[in-house]
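So the protein lines, in turn, are chains G and E.
Per UniProt numbering, the first sequence runs over residues 1 to 205.
Per UniProt numbering, the second sequence runs over residues 1 to 205.
Have a look at the structure below, then the notes.
Number of protein chains: 2
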Amino acid sequence: MVKTTERRDRQREALVLAAEKAIAEKGLSGLKARDLADAIGCSLGAIYNLVQDMDELVLRVGSRTLARLDDALAEATKGSASASSGDATDTLVAIAQTYCAFARENLQLWRTLFEHRMAEGSIVPEWAISEQMTMFRYILAPLRALQPRASEPELILLSRTLFSAVHGVVMLGLEEKLVAVPAAALDGQIEALVRVIGKGLTAGA
Amino acid sequence: MVKTTERRDRQREALVLAAEKAIAEKGLSGLKARDLADAIGCSLGAIYNLVQDMDELVLRVGSRTLARLDDALAEATKGSASASSGDATDTLVAIAQTYCAFARENLQLWRTLFEHRMAEGSIVPEWAISEQMTMFRYILAPLRALQPRASEPELILLSRTLFSAVHGVVMLGLEEKLVAVPAAALDGQIEALVRVIGKGLTAGA
DNA sequence: AGATATTTTGAACGATGTTCATGAATGAGG
DNA sequence: CCTCATTCATGAACATCGTTCAAAATATCT
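In structure tokens form, the structure reads like this:
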């Protein structure tokens, strides 16, 4: 009995990895249940013993993507942890560019985080919600340095706004359909934006 | 013969309106060919005499949405056309909040502008590309006032970056999947963001 | 070994966008 | 008006999805 759950867990992991590969290569719309069954060598119906439905599978892939993104951001902020070394704005620029680089290098998986919608009637499970947007916390420390007089709730709201702003530039910049900011100019524009915001936050009043 | 094309045009318009209504009420994923056939009183196959495929229909709806958005932005910038009255930052705030209000009031139609992807192999037709993102031009004049020394290409790039930043805040703010931002807070954060950027742009060097 | 419980299977189902043979409607020529 | 040719509308059929489920296969227990 313990053997079956173990094997199931291993197969579920194989399923998630196959799904991740499919999304990375062909996008969210390229994820097909029948292809996955072939990929991990099981029948079509067996997938639904490993996973409730496709939504759960996409959420599990998203969970892995978020974890890797978190790692990348942790690495980027490692040096300036205590907010003592270097300018806080530099840290914010580093975070933003790390985010942009991650999105570029994991384009389809990163897009899936925002493209995916649960099937009508389904709701996002708690475990998936809780791990979303832990990214804000990387922005919090540098922001506190820039706005020492702001309250904690204000800082949390601001960190979310700042993240969203950078996210928007990256999102539209990496969209091939409507060219907002040319992909080549993306890094420069993101740095410029964050520096302007940094300047605006430290400037008087 | 002229009669048939006329009737076709009228029926095509009815189709687009029905599609717009369906998207507005149920989102892009609620757009069904069979429902549309029922709505405009024609057979399923007849739709494909009016429109090449569903993609074209979505693009036609998007065209209407962009036109209405353009109208709203024109209205918002009407007063401060000559960049003489009022602060340029105030104009930028007004534009951003108009954009946010439009997104809120046309949530599903606005989302469709960015959610929609052409079917694999299809490419966005020229007429749809040309009308995309003419919104940038509203930002250009106030930005020029804030950055009189910037070159025109720099200003164009900056206008796209600024638009994208506000777009990101609106997009994530109106997403119900990740913890929703209260409506009032969203307006406040957008104003704060644009004012910070305005301050950053005018602050020395 | 036999009985019982569990799991795997893949055919079948219900949606959905799209196509196409068929038949109806339309318009032109006599 | 009738006839014929062209055009158009129709909805059944098809391909492709995710999902379900009865039955077969397998495992577990006594």
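No residue lacks a Cβ here, since even glycine has one placed at the ideal position from N, Cα and C.
When C-alpha distances from Pro142 (chain E) are compared across E:Gln132, E:Ile197, E:Ile47, the shortest belongs to E:Ile197. Your pair His116 (chain E) and Leu36 (chain E) does not check out as a contact, with CB atoms roughly 16 Å apart and the cut at 8 Å. For Gly41 (chain E), no CB of chain G lies under 7 Å from its own CB, so it is not counted at the interface with that chain. Residue environment for Ile95 (chain E): buried (at least 16 other C-beta atoms within 10 angstroms of its C-beta).
Counting C-beta pairs closer than 8 Å gives fewer than three between the segment 116 to 135 of chain G and the segment 152 to 159 of chain E, which falls short of the contact rule. Under the Cβ criterion of 7 Å, Lys21 (chain E) is not counted among the residues facing chain G. Residue burial annotation: Glu20 (chain G) is buried, with at least 16 other C-beta atoms found within 10 angstroms of its C-beta. The Cβ of Ala165 (chain E) sits closer than 7 Å to at least one Cβ of chain G. Per DSSP, Glu75 (chain G) is one residue of the alpha helix (DSSP H) stretching across 54 to 77.
Sixteen is the threshold: when 16 or more other Cβ atoms of the shown chains lie within 10 Å of the Cβ of Gln189 (chain E), as they do, the residue is buried. Taking a Cβ-Cβ cut-off of 9 Å, the neighbours of Gln189 (chain G) in chain E comprise Leu157, Leu158, Arg160, Thr161, Ser164, given in sequence order. For Ala18 (chain E), the CB contacts under 7 Å within the same chain, skipping 5 residues up- and downstream, are Leu36, Ala39, Ile40 in chain order.
Interface residue (Cβ-Cβ distance to chain G less than 7 Å): Leu143 (chain E) is not classified as such. Just so you know, the alpha carbons of Gly173 (chain G) and Glu6 (chain G) end up roughly 43 Å apart. Beyond the five residues adjoining it in sequence on each side, Ile139 (chain G) comes within less than 8 Å, by CB distance, of Leu92, Ile95, Ser159, Leu162, Phe163 in the same chain, given in chain order. Just measuring C-alpha positions, the residue of E:Asp90, E:Tyr99, E:Tyr48 sitting nearest Ala145 (chain E) is E:Asp90. At least one beta carbon of chain E lies nearer than 7 Å to the beta carbon of Lys199 (chain G).
Judged by DSSP in its simplified three-state form, Asn49 (chain E) adopts helix. Here the alpha carbon of Val194 (chain E) sits roughly 16 Å from the alpha carbon of Met171 (chain E).
In this structure, DSSP gives His167 (chain E) a helical state, which the three-state scheme calls helix. Membership of Leu92 (chain G) in the alpha helix (DSSP H) is indicated by the continuous run 88 to 105.
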